[in-house]
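10 is the number of the first residue of the sequence shown in my numbering; add one for each residue after it.
Even glycine gets a Cβ: it sits at the ideal position worked out from N, Cα and C.
Since this is a predicted model, take the numbers as computed values, not measurements.
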Amino acid sequence: MSTKKTSNIRSFPLSFLTKPPPTVTTLSEQLSSDRRRRVQKKSRIEAPSPRKRAATSRDSDEEDTSAEINAESEYVDVDLAGAPLEKGPHGAGRVGGRKRTKKFYPSDEPLREFMTAAADDYARILLRNEGRGSEADRKCPGCKPGEEGTPEYRCTTCVGGGLYCRGCCLADHQRRPFCRIEKWNGRFFEKTTLQQLGLRLQLGHPEGEPCRMPQPAHADFTVVHVNGLHVVGVDFCGCRPSSLAVPHREQLLCAGLLPATIRDPQTACTFEALNQFQLITFQGKLTAYDYYTSLERMTDNSGTEGYKNRYRSFLRCVRIWRYLKLLKRSGRANDQERPPSDVRPGELALACPACPRPGVNLPEGWESVEPAKRFLYVLFIALDACFRLKRRKISSRERDPSLANGGSYMVESGPFEEYIKAAEEQTEVSTCTGLSAVDHANTKFSKGYAETGKALGLCARHEFIQRNGVVPTQVGERYANTDYALGSLLRHHSPALHLLLSYDICCQYSKKFEERIKKLPSLIRFKLAYAFVRFVIPKLHIHGHKLDCQLLFN
């Protein structure tokens, strides 16, 4: 008796798939006829059909794209078991008599194979690893024959997951004191720490060398590592005479730990954790709070184990770490004449390698070059302000001092604050079209802010922020702040260079420019030669200016 195999094929029309094309609302902006305001216009357009990826030349050779499907008359046979109806040389099926080539994607087969062949095994082994698995009947692999201890400890950080006795677990983790340890209590694994097992981290001596007079650190000495927070037993070296004794902070640094305080430290961060946070925050813009909270949850996700909050200590370590890295990368740590912390203005900032610098990247005799090639030796500086870089009135310089005051991109705070306090209120009236930077120079909202933003200068061609070219703004975009930023950055450039100054309000900023420059402090005051300076307005802003400005500052 023959049995007929039932087919799992279903047919359905494509008509229900056809819908009116969706529309998308777009917004366009343009200047009004008097060039004083922006005009917004809404329009509706039909959205293009979504495409998973662009067709390649290989696809176009195998597929007839001229054929169309009639949604009312064509039907598609679909195998609900997932098998194609017709197999061609490339695994192609047929729809309405038209040959279609299946496109494979990197995730198709691995995920399909996982669901059909491995998902159950993965889940089973994952649960198996919650217990002892095949380690239940084994002896401690680290003990000598006949001296085996009870294998009840395992490390969840190290690879393998084997069970060891207490002595072997401690011996194996002398060089890895920041691992996560679990203990089998007869029913399940419970958390424990290497400190509870008796591990002590000896500082000030080579590995394996004991100290005759160890000095214990705080009982709750906490280390911030990439896999969470760890309460570690730490012993400082105290066996050397006082004249040769190494401070505790230096012993921690030699072990790869950055202390949060220089006296009697109770918290330290590993170099690995600080490096990881720096890369993550640069790439993913992750805040220090989110990073530290993630480490807390890795340590105690329930919040019931009573770990002390070390967030402020972590912030302090991050600031110190970035400052030390800044000294190292700028070459200050290798200076034999001055201590690393003796930083001169702008010495830690990265100078633009392409901008003209006599004695560095300019040939000899560049000053006497013919006029047709003089543009090669022109310094292009762009000025502007950003009012997103605000700072609230929540602290003071006494409580939160600067580590590199004026050593990088910001100006020195002391001379600038003295200058800005004595600066007069800006009273210039704009003779061009409505320039908000001029109109609101003294009236911008500033309540609750120590700084409403930053005014800065950068090289217009390569977008390198200039050394000592960033100043804070107290209200709006005042000329006094911009003048100080310009004078501060120009002291790092040769006065023999021609200067092209780009600013979106240059038509107003260039007025009385020489008078304002004379009021700058002697530290940053520069001599102005109008034959060497040209004022321009960027292309993005110039069309919002009057015709005279477009002709003079283009």
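Measure the C-alpha to C-alpha separation of residue i and residue j and round it to an integer number of angstroms.
i    : j    : result
D299 : V387 : 45 Å
G466 : F396 : 14 Å
R147 : L179 : 19 Å
T461 : T482 : 6 Å
C167 : I190 : 10 Å
L560 : K521 : 20 Å
Y301 : L261 : 21 Å
C361 : E161 : 60 Å
A277 : Y320 : 11 Å
G415 : S339 : 14 Å
I289 : N236 : 15 Å
L510 : G485 : 20 Å
N343 : S350 : 11 Å
F562 : A413 : 38 Å
R137 : G195 : 15 Å
S303 : M222 : 38 Å
H182 : K456 : 55 Å
V369 : V378 : 17 Å
A126 : T34  : 47 Å
F198 : G142 : 12 Å
K200 : P119 : 36 Å
E433 : A394 : 19 Å
I271 : D409 : 16 Å
Taking the beta carbon of residue i as the centre, do at least 16 other beta carbons fall within 10 Å, making it buried, or is it exposed?
i    : result
Y332 : buried
A80  : Note that A80 has pLDDT 43, beneath the 50 cutoff, so the model's placement of it is unreliable and the number below is only indicative. Classification for A80: exposed.
M419 : buried
K463 : buried
S497 : buried
F123 : exposed
H471 : exposed
A64  : For A64, the predicted model reports a pLDDT of 46, less than 50, meaning its position is unreliable; a value from the coordinates is still stated below. So A64 counts as exposed.
N490 : buried
L135 : exposed
Q345 : exposed
D513 : buried
R341 : buried
L556 : exposed
C558 : buried
S322 : buried
For residue i, tell me which candidate among the options has the shortest Cα-Cα distance.
i    : options                   : result
P219 : G247, Q483, W193 and N138 : G247
T32  : C278, L40 and I54         : I54
V240 : P410, D229 and R249       : D229
N284 : L267, I474 and R543       : L267
F280 : D309, Q292, R306 and I329 : I329
V545 : C174, F389 and C263       : F389
L537 : R500, A432 and P372       : R500
G207 : D181, G242 and V232       : G242
R383 : D393, A394 and P365       : P365
Y518 : Q435, G423, I533 and S404 : Q435
Checking 8 Å against the spacing of the C-beta atoms, do residue i and residue j come in under that value?
i    : j    : result
D244 : P274 : no
R325 : A391 : no
C149 : Y173 : yes
P186 : L210 : yes
R163 : G171 : yes
H234 : A282 : yes
P348 : E421 : no
C441 : H554 : yes
V327 : A297 : yes
E305 : L203 : no
A505 : E376 : yes
Considering only residues of the same chain and omitting the five flanking positions on each side of residue i, which have a CB-CB separation below 6 Å?
i    : result
H507 : V387 and F541
S503 : P367
A358 : S417, Y418 and R476
Q39  : V48
R543 : L509
H257 : F245
L336 : A342 and P349
Under 7 Å Cβ to Cβ from residue i, same chain only, skipping five residues before and after it: list those, please.
i    : result
A459 : R400, R401 and K402
D492 : R525, I526 and L529
H550 : D513
Would you say the beta carbon of residue i comes nearer than 7 Å to a heavy atom of the ligand PLP?
i    : result
L172 : Although the ligand PLP was asked about, the structure shown includes no ligands whatsoever.
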